[in-house]
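Residue numbers (this note's numbering): 102 to 316.
This is the structure in structure tokens:
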């Protein structure tokens, strides 16, 4: 079995959503003073490669800790959209080309190639996004979630987050943002593990996303 890391590194100088404070890593205990090393981490729940549950936008919506652990593991398919230009929309025809596998998948992951701009101001620019028809398909086909290698499901200028609201409204769906290395999992179905931290009332969490590929 091959294991592919789909997660960006966390660091103090990493990209974060505009207006959000970056993570801080401070020495809490040292070898010299305490005989061991320990670090205090301070970060927002939507830092780096992370997952959004319904509670991110809906009062009373499911928090991560209220969703079953099976929500974060399942069959996934990467749909290549790297030919799209800035501001491009991922239309339903992309899914139709892979419809048999897409219908079987529990997660659809859209590879735009935008992860190549991680650490560059362009990452927060006019990245490709899914269209309304794709969002409707995700809801109607009862997927567990959707993932992208961009900072958001909605365009950066869409403050009302209509696509987030559309897919999260059914209360049994998650959005995975800031994925990377989607080109390494190939074109077939594979197993995605996108496990959040287990904290009470979680409106989001950094994750370690991996792809498991059978030899």
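Quick reminder that beta carbons are idealized off the backbone N, C-alpha and C, glycines included.
Source: prediction; values computed, not measured.
- In this structure the stretch 296-308 touches the stretch 140-152; the number of beta carbon pairs closer than 8 angstroms is three or more.
- Under DSSP, residue 176 takes part in a beta bridge, and its partners are 292.
- Setting aside the 5 residues that flank it on each side, residue 188 is surrounded in the same chain by 227, each with a C-beta closer than 6 angstroms to its C-beta; the list follows chain order.
- The beta strand (DSSP E) runs lying completely inside the stretch 178-242 and spanning 3 residues or more are 208-212, given in chain order.
- Under a 10 Å Cβ-count criterion, residue 212 is classified as buried, with 16 or more other Cβ atoms of the shown protein chains found around its own Cβ.
- With at least 16 other beta carbons inside 10 angstroms of its own, residue 277 counts as buried.
- The way I'd put it, the stretch 264-279 doesn't touch the stretch 185-204; fewer than three beta-carbon pairs between them come closer than 8 angstroms.
- The beta carbons of residue 267 and residue 207 sit no closer together than 8 angstroms.
- It is roughly 33 angstroms from the alpha-carbon of residue 108 to the alpha-carbon of residue 133.
- Two segments are said to touch when three or more pairs of C-beta atoms, one from each, lie closer than 8 angstroms; by this definition the stretch 127-142 does not touch the stretch 283-295.
- The Cβ atoms of residue 263 and residue 255 lie closer than 8 angstroms to each other.
- DSSP places residue 166 in the helix class (H, G or I) of the three-state scheme.
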